[in-house]
Amino acid sequence: MGTYCWMGIRATIFDRLLLYVTALVVVLCGCAPALTRKELEQRYGLQAPAVLKYGAVDRLKSGQTWRVFVAAEDPDGDMDAVVFRVYQPGTGWYPAHFKKLREAGSRSFSGYFFLNTPGFWTYDMWGLRLTLTFEIRDKAGHRSDVITLPLQFVGKKIKQPVPEGFTEVDVRSLGPIMIDFVRENNGGDNQVNTGS
Numbered sequence: 411m412g413t414y415c416w417m418g419i420r421a422t423i424f425d426r427l428l429l430y431v432t433a434l435v436v437v438l439c440g441c442a443p444a445l446t447r448k449e450l451e452q453r454y455g456l457q458a459p460a461v462l463k464y465g466a467v468d469r470l471k472s473g474q475t476w477r478v479f480v481a482a483e484d485p486d487g488d489m490d491a492v493v494f495r496v497y498q499p500g501t502g503w504y505p506a507h508f509k510k511l512r513e514a515g516s517r518s519f520s521g522y523f524f525l526n527t528p529g530f531w532t533y534d535m536w537g538l539r540l541t542l543t544f545e546i547r548d549k550a551g552h553r554s555d556v557i558t559l560p561l562q563f564v565g566k567k568i569k570q571p572v573p574e575g576f577t578e579v580d581v582r583s584l585g586p587i588m589i590d591f592v593r594e595n596n597g598g599d600n601q602v603n604t605g606s
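Reminder that position 11 of the sequence shown reads as 421 in the numbering used here, one-by-one numbering, no gaps.
Here it is in structure tokens:
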């Protein structure tokens, strides 16, 4: 195969062909259209996820792990993620946590998610109020109703019984809620956002 000079670069015809094919692949892969809502519903179904029951204590001591019980289902079997958000008056919303569901939980699940809170020996959160919201999203883009749960930090340890409507079978961990409400200040020391 002969070589030729193109824009000052010596290349074989094979090199030039390889360059064109690579450019074509990059353009086609980078410009693939997203599926429309109608196409997603044809692929995954028309039903939205539904939260059947939920529950959690509304008071907790700093350092305790908050258990948020949830039972949900989607007749189409395409639940994809639970989106958790925490709101603190005076501070605002913390970044959301998208908890991806395992394939086994895409039709229905029951159990609890847990949120670790800063220890009282490190950060005194007494009196602090938070609001946790969550919703379930499916692969077709449907969403469940948004559920809101309040939480206030108190000075004594609180028992967390299994909420009414749940059984001992439902007491299994579904994973952590990864929202960190301890921030670093400009001096580099960790501190709790108190909103002041």
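We put the CB at the ideal spot given by N, CA and C, even for glycine.
Are the Cβ atoms of residue i and residue j separated by less than 7 Å?
i                 : j             : result
phenylalanine 544 : leucine 584   : no
serine 554        : valine 461    : yes
lysine 549        : aspartate 468 : no
tyrosine 504      : valine 493    : no
glycine 502       : arginine 582  : no
Among the options, which one has its Cα closest to the Cα of residue i?
i                 : options                   : result
aspartate 484     : Ala466, Val493 and Ala458 : Ala458
alanine 506       : Pro586, Glu578 and Ile423 : Pro586
serine 611        : Phe508, Gly502 and Arg547 : Any property of residue 611 remains undetermined from this structure, which presents the chain solely from 411 to 606.
phenylalanine 576 : Ala482, Gln474 and Leu445 : Ala482
For residue i, which residues from the same chain have a beta carbon less than 6 Å from its beta carbon, with the 5 sequence-adjacent residues on both sides left out?
i           : result
valine 372  : No information on residue 372 is available, as it lies outside the stretch 411 to 606 that the chain covers here.
lysine 510  : Ala491
leucine 525 : Trp476 and Ile587
alanine 466 : Val478 and Leu559
Tell me which same chain residues have a C-beta within less than 8 Å of the C-beta of residue i, skipping the five on either side of it?
i           : result
proline 573 : Lys463, Tyr464, Gly465, Ala466 and Phe479
How many angstroms separate the CA atom of residue i from the CA atom of residue j?
i            : j           : result
glycine 597  : lysine 566  : Because glycine 597 carries a pLDDT of 40, less than 50, the predicted location of this residue cannot be relied on, and the following value inherits that uncertainty. Going from the Cα of glycine 597 to the Cα of lysine 566 covers about 31 Å.
tyrosine 454 : lysine 569  : 41 Å
serine 472   : leucine 542 : 16 Å
Excluding the 5 residues preceding and the 5 following residue i in the sequence, name in chain order all residues of the same chain whose CB lies nearer than 7 Å to its CB.
i           : result
glycine 551 : Arg447 and Leu450
At a threshold of 6 Å, does residue i count as lining the ligand HEM (C-beta to nearest heavy atom)?
i             : result
glutamine 562 : Although the ligand HEM was asked about, the structure shown includes no ligands whatsoever.
Notebook entry, point to check: Should the segment 559-566 be regarded as contacting the segment 447-463, the criterion being three or more beta carbon pairs within less than 8 Å?
Noted result: Counting Cβ pairs under 8 Å, fewer than three are found: no touch.
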